[in-house]
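*Asks:*
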Amino acid sequence: MSGVMKRMGMIFRAKANKALDRAEDPRETLDYSYQKQLELLQKVRRGVADVATSRKRLELQLNQLQSQSSKLEDQGRKALALGREDLAREALSRRAALQQQVTDLETQHSTLQGEEEKLTLAAQRLQAKVDAFRTKKETIKATYTAAQAQTRIGEAFSGISEEMGDVGLAIQRAEDKTAQLQARAGALDELMASGALDDPTGIAKDDLQAELDRLSGGTDVELELQRMKAELAGGTSQAIGSGGGSSAGQQAIEGGTSQSQSQQQPQDTPRFDKQ
Amino acid sequence: MIVRIMGEGQWQLADSHLVELNTLDDELLAEMESGDEDGFHRTLGALLDAVRRLGDRLPDDALEPSELILPAPDASLDEVRQMLSDDGLIPG
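As they're listed, the protein sequences go chains Z and Y.
In terms of this note's numbering, the first sequence opens at residue 1 and continues consecutively.
In terms of this note's numbering, the second sequence opens at residue 1001 and continues consecutively.
1) Determine which residues of the segment 1051-1070 of chain Y have a Cβ less than 7 Å from any Cβ of chain Z, and write them out in chain order.
2) Go through its chain and collect everything with a Cβ distance to residue 21 of chain Z's Cβ below 6 Å, but skip five positions before and after it.
3) Under 9 Å, Cβ to Cβ, is there at least one residue of chain Z near residue 1072 of chain Y?
4) Where does residue 1018 of chain Y fall in DSSP's three states?
5) Write down the C-beta distance between residue 1066 of chain Y and residue 9 of chain Z rounded to the nearest angstrom, noting that I regard them as a contact closer than 8 Å.
6) Is residue 1055 of chain Y helix, strand or coil by DSSP?
7) Within its chain, find whatever has a CB closer than 6 Å to the CB of residue 242 of chain Z; leave out the 5 residues flanking it on each side and keep chain order.
8) Could you check whether the Cβ of residue 4 of chain Z sits closer than 9 Å to any Cβ belonging to chain Y?
9) Tell me whether the beta-carbon of residue 81 of chain Z lies closer than 9 Å to the beta-carbon of residue 91 of chain Z.
10) Taking only the alpha-carbon atoms, compute the straight-line gap between residue 139 of chain Z and residue 126 of chain Z and give it to the nearest angstrom.
11) Determine the direct distance from the alpha carbon of residue 62 of chain Z to that of residue 73 of chain Z, and round the result to whole angstroms.
12) Flag this pair as yes or no: are the beta carbons of residue 1003 of chain Y and residue 1077 of chain Y separated by less than 9 Å?
13) Any beta-carbon of chain Y closer than 9 Å to the one on residue 118 of chain Z?
14) Would you identify the three-state DSSP class for residue 1070 of chain Y, choosing helix, strand or coil?
15) Could you give the distance in angstroms between the alpha-carbon of residue 1006 of chain Y and the alpha-carbon of residue 1039 of chain Y?
16) Helix, strand or coil for residue 3 of chain Z per DSSP?
17) Using the beta-carbon of each residue, which ones in chain Y are nearer than 7 Å to residue 9 of chain Z?
18) What would DSSP say about residue 1004 of chain Y, mapped onto helix, strand or coil?
19) According to the Cβ coordinates, are residue 3 of chain Z and residue 1029 of chain Y closer than 9 Å?
20) Determine the direct distance from the alpha carbon of residue 31 of chain Z to that of residue 1000 of chain Y, and round the result to whole angstroms.
21) From the beta carbon of residue 129 of chain Z, is the nearest beta carbon of chain Y less than 9 Å away?
22) Would residue 12 of chain Z pass as an interface residue toward chain Y - the criterion being a Cβ-Cβ separation below 9 Å?
23) With distance defined between alpha-carbon atoms, name the residue in Y:1013, Y:1025 and Y:1010 nearest to residue 6 of chain Z.
24) Measure the Cβ-Cβ separation of residue 1010 of chain Y and residue 1058 of chain Y and say whether it is below 9 Å.
25) Looking at C-alpha atoms only, which residue of Z:35, Z:233, Z:12 and Z:11 is the closest neighbour of residue 133 of chain Z?
26) Would you report the Cα separation of residue 142 of chain Z and residue 1034 of chain Y, rounded to the nearest angstrom?
27) With 9 Å as the threshold, decide whether the Cβ of residue 1037 of chain Y is near any Cβ in chain Z.
28) Answer with yes or no whether the minimum CB distance from residue 1090 of chain Y to chain Z is below 9 Å.
29) Looking at the secondary structure, which residues open and close the alpha helix (DSSP H) in which residue 1078 of chain Y lies?
30) For residue 103 of chain Z, which option in Z:145, Z:54 and Z:65 has the closest C-alpha, if you only look at C-alpha atoms?
31) Does any C-beta atom of chain Y lie closer than 9 Å to the C-beta of residue 164 of chain Z?
32) Are residue 27 of chain Z and residue 145 of chain Z close, meaning C-beta to C-beta below 9 Å?
33) Express the C-alpha separation of residue 54 of chain Z and residue 96 of chain Z in angstroms, rounding to a whole number.
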């Protein structure tokens, strides 16, 4: 539907929406209707005034005709007194013609008077109706405003109004997004920790590499310790070997055991340490 | 659906009557756009009569939003044009 009805309805709703209402605002309609009724009343009153003006014009004409009629009657009487019967007849015949006009005008006058009375009555009735409508209109408007306020309060309390719904939805959306981001961050951490996802920064390490690093780091320390111990032990045996000639003879006598003694040297290091 | 006749009141009409009203309404719009004042008044009268005849009158104190709105029976073509202009039905 795209005709006058729909377009008027749309304009009405647009106006009402502007006044923070979703539908047609009956208060505006009521005011408009009242305005229309006042215009109608004004038209009826203008009609009454027109009829009254016509009636008064007729009354003036009647008065003129009646005064002319009286004048002709006087003239006839005077003519008769002067013995001029012909003149008297002329005057009376003219008066008779005037009388006919007077009768016609009187009929018109009474018709107009009747119309005027009817219109006056109609105007009075319409006035009463318009007054009653105005009272009713104000009552309806007040009721509507109260109902609207009540609805808004109710909606605000229960949080079901559109605005509240929108706010609720926005919060929900924000919460969803936060949860989604948190879940994504958690998943990324797990993926990087498990080594399934490469860390472009190179900072994060997977568990396996971390363990390997830890193990290899520990081995290096142990190896280094062993090496240092060996170095230290090697240095001491050299110093004893070149210490005096008497022990060289002893080494020759006990030749078969000298190699085994030198091999056992590192294990005797604690004894050397005590000296 | 509820149809309002400006200055008169509201009528509740069954959706099945919409086709008949639609035809008259489209005619009315065409006459309004072509500036056919006589045709406009004739069609508007017919449309208003159809609404009154086919619908059930709502009480004056009923607070129902109207889905469709019709001009007052004595509205002139220019008045209706003005109503449908940007200013809308009620100035301001």
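The beta carbon of each residue, even a glycine, is placed where N, CA and C say it ideally should be.
Keep in mind it's a predicted model, so treat the numbers as computed, not measured.
*Replies:* Taking the coordinates as given:
1) Those residues of the segment 1051-1070 of chain Y that come within reach of chain Z (Cβ to Cβ, closer than 7 Å) are 1060, 1061, 1063, 1065, 1066, 1067, 1068, 1069 and 1070.
2) Bear in mind that a pLDDT of 44 at residue 21 of chain Z, under 50, signals an unreliable position, so the model cannot answer this.
3) yes
4) For residue 1018 of chain Y, the secondary structure class from DSSP, reduced to helix, strand or coil, is helix.
5) 6 Å
6) Residue 1055 of chain Y: coil per DSSP, three-state reduction.
7) Residue confidence is low: residue 242 of chain Z scores 46 on pLDDT, short of 50, so the model does not pin down where it sits. Its coordinate-derived value is still stated next. If we look at residue 242 of chain Z and ignore the five residues flanking it on each side, it has no Cβ neighbours.
8) yes
9) Not closer than 9 Å, so no.
10) 20 Å
11) 16 Å
12) no
13) no
14) strand
15) 20 Å
16) Residue 3 of chain Z carries a coil assignment under DSSP once its states are collapsed to helix, strand and coil.
17) 1066, 1067, 1068 and 1069
18) Per DSSP, reduced to three states, the secondary structure at residue 1004 of chain Y is strand.
19) In this structure, the beta-carbon distance from residue 3 of chain Z to residue 1029 of chain Y falls below 9 Å.
20) Outside the displayed span of chain Y (1001 to 1092) sits residue 1000 of chain Y, for which this structure offers no information.
21) no
22) yes
23) Y:1025
24) yes
25) Z:35
26) 42 Å
27) no
28) The pLDDT assigned to residue 1090 of chain Y is 46, lower than 50, so where the model puts this residue is not dependable, and the model offers no usable value.
29) DSSP places residue 1078 of chain Y inside the alpha helix (DSSP H), whose first and last residues are 1077-1083.
30) Answer by Cα proximity: Z:65.
31) Below a pLDDT of 50, predicted positions are generally treated as unreliable, and residue 164 of chain Z, at 44, falls in that range; the measurement from the model is reported next regardless. False, the Cβ-Cβ gap to chain Y never drops below 9 Å.
32) yes
33) 25 Å
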